[in-house]
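There are 2 protein chains.
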Amino acid sequence: MEEREISQAVISRLPRYFRYLGELRDEGVERISSQDLSSLMHVTASQIRQDFNNFGGFGQQGYGYNVSYLYDEIGKILGLDRKHNFVIIGAGNLGRALGNYMNFERRGFILRGMFDNDPEVIGRRVREINVMPMEELESFIEDNEIDIAVLTLPKAGARHVAERLAKTGIRAIWNFAHVDLNVPESIQVENVHLSDSLMKLSYNINRYMKEQGKT
Amino acid sequence: MEEREISQAVISRLPRYFRYLGELRDEGVERISSQDLSSLMHVTASQIRQDFNNFGGFGQQGYGYNVSYLYDEIGKILGLDRKHNFVIIGAGNLGRALGNYMNFERRGFILRGMFDNDPEVIGRRVREINVMPMEELESFIEDNEIDIAVLTLPKAGARHVAERLAKTGIRAIWNFAHVDLNVPESIQVENVHLSDSLMKLSYNINRYMKEQGKT
Chain U
760 MEEREISQAV
770 ISRLPRYFRY
780 LGELRDEGVE
790 RISSQDLSSL
800 MHVTASQIRQ
810 DFNNFGGFGQ
820 QGYGYNVSYL
830 YDEIGKILGL
840 DRKHNFVIIG
850 AGNLGRALGN
860 YMNFERRGFI
870 LRGMFDNDPE
880 VIGRRVREIN
890 VMPMEELESF
900 IEDNEIDIAV
910 LTLPKAGARH
920 VAERLAKTGI
930 RAIWNFAHVD
940 LNVPESIQVE
950 NVHLSDSLMK
960 LSYNINRYMK
970 EQGKT
Chain V
760 MEEREISQAV
770 ISRLPRYFRY
780 LGELRDEGVE
790 RISSQDLSSL
800 MHVTASQIRQ
810 DFNNFGGFGQ
820 QGYGYNVSYL
830 YDEIGKILGL
840 DRKHNFVIIG
850 AGNLGRALGN
860 YMNFERRGFI
870 LRGMFDNDPE
880 VIGRRVREIN
890 VMPMEELESF
900 IEDNEIDIAV
910 LTLPKAGARH
920 VAERLAKTGI
930 RAIWNFAHVD
940 LNVPESIQVE
950 NVHLSDSLMK
960 LSYNINRYMK
970 EQGKT
């Protein structure tokens, strides 16, 4: 399939389509019209058609979409038909929580190693994984064909670790550190800034209260 | 200050300004021009001015912005000059990780309670907080002036809990469950769909490899 240059806004919506289609498939739904998908997902049918047209449209609209086919195709576009090995750098609470989250494995993201520089944490086990010292990071990435590094460490350390990662063959960083990273464009970065998200929530609480005249 | 209707895109950028200004302030920087802020943050100076104009502009551009003043003003807009009490519903790995994250407290978000329906988890302590049974949720929210509920439970339970929350005085839900919630518009919802974020990363890895002719 010939793909055009797809905007990140479209990409951001793909996992949500994938999620809804997976639920429909699990419920035994075989076909769905863009109108029905539209009311289920609270987006316009025109938005859905435009989004899908970026990938060739996924078949006859008159008969609706084949749920199972569409689910598989979007999964392939998202690269979920491949396995990705990942490591977690920073074995604190959040790192261990992500390490214990089995759903990632179901999607093909396989935890291979965890790293920390705290002697008290090194050697601890998270599932079958031993937390390793930071000195072993580069050799481990190379020996185990690691694609993705998850950064769950304080921001002071994150920039330095990102510089080290930039010299390895890593393909992507999933960044939970509260800082923006500067890495070469060959490394994909996806940020999850939890504090930013909480502040946005705080803003929206305030805005709503003001609108209601409650302040 | 008279506020216009502000788009969620602008709101999404405010925490990032807040973060950078906090770092500048900590480094002792007193004033910064929109040009310098622009190159630091990798956004255009015109974007910065447009964003700030939504809130009255924050003072003389000729002399640059007063960092400390701007930091405080954006903090107020984000509602960070108030305290928000929150509870965590779902005391699994992610719930406990968020419960242990002290930085939220520094921003005025105070963890008051944790809830779970698993008898093995109920009664466990996360910092000074005992995990309580789900039956006590509504009365606890009322007695402790809880503003925000953090949902860190499997998606099967999340919709039902959201329906229960909708009948309380809660103002906002920070939703980590892998499902979209239907709640009245008086309740602000901010989603953190970790799997969606990981799939987006996976897509971008694939796209880059294709561009490089590596598949």
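Protein chains in written order, with the working numbering: chain U, 760 to 974; chain V, 760 to 974. Think of the CB as a built atom: it goes at the ideal place given N, C-alpha and C, for glycine as much as any other residue.
Contact set between I836 of chain V and chain U, taken where Cβ atoms lie within less than 7 angstroms: The sequence position of residue 836 of chain V within the second sequence is 77, counting from 1. Within chain U, the residues near I836 of chain V are Y962.
Hey, would you say I859 of chain V sits closer than 7 angstroms to N825 of chain U, going by beta carbons? Stepping through the second sequence from its first residue, residue 859 of chain V is reached at position 100. Stepping through the first sequence from its first residue, residue 825 of chain U is reached at position 66. The residue you asked about is not Ile; residue 859 of chain V is Asn in the sequence shown. No. Outside cutoff.
Within-7 angstroms CB hit, S956 of chain U to chain V: Taking the first sequence and counting its residues from 1, the one referred to as residue 956 of chain U is at position 197. Judged by the 7 angstroms Cβ criterion, S956 of chain U is in contact with chain V.
Inter-residue Cα distance where the pair is E761 of chain V and G928 of chain V: Walking along the second sequence from the start, residue 761 of chain V turns up at place 2. Walking along the second sequence from the start, residue 928 of chain V turns up at place 169. Because the pLDDT at E761 of chain V is just 46, under 50, the model does not fix this residue reliably, and the point stays unresolved.
Limits of the unbroken alpha helix (DSSP H) element including D875 of chain V: As a first step, residue 875 of chain V is located in the second sequence; it is residue number 116 there, counting from the start. Note, D875 of chain V: premise wrong, no alpha helix (DSSP H); beta strand (DSSP E) at F868 to D875.
Closest Cβ-Cβ distance between P913 of chain U and chain V: below 7 angstroms? Indexing the first sequence from 1 puts residue 913 of chain U at position 154. It does not: the Cβ of P913 of chain U has no partner Cβ on chain V nearer than 7 angstroms.
Can you pull the chain V neighbours of V951 of chain U, defined as C-beta to C-beta under 8 angstroms? Residue mapping note: residue 951 of chain U aligns to position 192 of the first sequence, counting from 1. Result: V951, L953 and S956.
Tell me whether the beta-carbon of G907 of chain U lies closer than 7 angstroms to the beta-carbon of F845 of chain U. Here residue 907 of chain U is taken as the residue at index 148 of the first sequence, counted from 1. Here residue 845 of chain U is taken as the residue at index 86 of the first sequence, counted from 1. Before going on, a small fix: residue 907 of chain U reads as Ile here, not Gly. Less than 7 angstroms divides the Cβ of I907 of chain U from the Cβ of F845 of chain U.
So, using beta-carbon positions, are L837 of chain U and S961 of chain V closer together than 7 angstroms? What you label residue 837 of chain U is simply residue 78 of the first sequence in a count that begins at 1. What you label residue 961 of chain V is simply residue 202 of the second sequence in a count that begins at 1. Contact flag set, yes.
Contact under 7 angstroms by Cβ, D831 of chain U with V769 of chain U: Here the question's residue 831 of chain U lines up with position 72 in the first sequence. Here the question's residue 769 of chain U lines up with position 10 in the first sequence. Cβ atoms of D831 of chain U and V769 of chain U: not closer than 7 angstroms.
Is E864 of chain U buried or exposed, if buried means 16 or more other CB atoms sit within 10 Å of its CB? Taking the first sequence and counting its residues from 1, one reaches residue 864 of chain U at position 105. Burial call: exposed.
Excluding five sequence neighbours on each side, which residues of the same chain lie with their C-beta closer than 8 angstroms to the C-beta of K959 of chain V? Your numbering for residue 959 of chain V matches position 200 in the second sequence. Hits under 8 angstroms: none found.
Against F777 of chain U, what residues of chain V qualify as contacts under a CB-to-CB distance less than 8 angstroms, listed in chain order? As a working mapping, residue 777 of chain U is identified with position 18 in the first sequence. M958, listed in chain order.
For a minimum of 3 consecutive residues, which ranges assigned as the beta strand (DSSP E) are wholly contained in the region 900 to 966 of chain U? As far as the region 900 to 966 of chain U is concerned, its whole beta strand (DSSP E) runs of at least 3 residues are 907 to 910, 931 to 934 and 947 to 950.
Minimum C-alpha distance to P913 of chain V - residue among V:L839, V:D877, V:S945 and V:H801: Counted from its first residue, the second sequence places residue 913 of chain V at position 154. For the residues V:L839, V:D877, V:S945 and V:H801, the minimum Cα distance to P913 of chain V belongs to V:D877.
Short Cβ contact (7 angstroms threshold) for V951 of chain U with S956 of chain V: Along the first sequence, read from residue 1 onward, the residue named residue 951 of chain U stands at position 192. Along the second sequence, read from residue 1 onward, the residue named residue 956 of chain V stands at position 197. Yes. Within cutoff.
Sheet register partners of N812 of chain V (DSSP bridge): In the second sequence, the residue the question calls residue 812 of chain V occupies position 53. DSSP output for N812 of chain V lists no bridge partner at all.
State yes or no: is the beta carbon of P774 of chain U nearer than 7 angstroms to at least one beta carbon in chain V? Your numbering for residue 774 of chain U matches position 15 in the first sequence. Yes, its Cβ sits closer than 7 angstroms to a Cβ of chain V.
Cβ atoms of I881 of chain U and P892 of chain U: under 7 angstroms apart, would you say? As a first step, residue 892 of chain U is located in the first sequence; it is residue number 133 there, counting from the start. As a first step, residue 881 of chain U is located in the first sequence; it is residue number 122 there, counting from the start. Yes; because the gap between Cβ atoms is below 7 angstroms, this pair is in contact.
Element boundaries [alpha helix (DSSP H), containing V769 of chain V]: By 1-based counting over the second sequence, the position of residue 769 of chain V is 10. Unbroken alpha helix (DSSP H) run through V769 of chain V: Q767 to D785.
Collapsed DSSP secondary structure at E761 of chain U in the structure displayed: For the purposes of this step, residue 761 of chain U is taken as residue 2 along the first sequence, with counting starting at 1. Residue confidence for E761 of chain U is low, a pLDDT of 46 falling below 50, so the modelled location carries little weight; the figure read from the coordinates is stated next. The three-state reading of DSSP puts E761 of chain U in coil, since its state is none of H, G, I, E or B.
Following the continuous alpha helix (DSSP H) through H800 of chain V, name the residue where it begins and the one where it ends. By one-based count along the second sequence, residue 800 of chain V stands at place 41. It should be noted that the sequence gives Met, not His, for residue 800 of chain V. Secondary structure note for M800 of chain V: its alpha helix (DSSP H) is the uninterrupted segment S793 to M800.
At 9 angstroms on the CB atoms, spell out the chain U contacts of I807 of chain V, in chain order. Here residue 807 of chain V refers to the residue found at position 48 when the second sequence is read from its first residue. Within 9 angstroms Cβ-Cβ: nothing; I807 of chain V doesn't reach chain U, min ~15 angstroms.
Roughly how many angstroms lie between the CA atoms of H937 of chain U and Y822 of chain U, to the nearest whole one? Taking the first sequence and counting its residues from 1, the one referred to as residue 937 of chain U is at position 178. Taking the first sequence and counting its residues from 1, the one referred to as residue 822 of chain U is at position 63. If you take the alpha carbons of H937 of chain U and Y822 of chain U, they lie about 47 angstroms apart.
Please classify I881 of chain U: does DSSP put it in a helix, a strand, or coil? Along the first sequence, read from residue 1 onward, the residue named residue 881 of chain U stands at position 122. In the three-state scheme derived from DSSP, where H, G and I count as helix and E and B as strand, I881 of chain U is classed as coil.
Using C-beta distances below 8 angstroms, list every residue in its chain close to R841 of chain U, excluding the 5 sequence neighbours before and after it, in chain order. In the first sequence, residue 841 of chain U corresponds to position 82, counting from 1. G867.
Answer yes or no: do V909 of chain U and I847 of chain U have a C-beta to C-beta separation smaller than 7 angstroms? Walking along the first sequence from the start, residue 909 of chain U turns up at place 150. Walking along the first sequence from the start, residue 847 of chain U turns up at place 88. Yes. Within cutoff.
Is DSSP giving Y860 of chain V helix, strand or coil here? On the second sequence, position 101 is the one that residue 860 of chain V refers to. The three-state secondary structure of Y860 of chain V, taken from DSSP, is coil.
Measure the C-alpha to C-alpha separation of G816 of chain U and G816 of chain V and round it to an integer number of angstroms. Residue numbering aside, residue 816 of chain U sits at position 57 when the first sequence is read from its first letter. Residue numbering aside, residue 816 of chain V sits at position 57 when the second sequence is read from its first letter. Roughly 44 angstroms separates the two Cα atoms.
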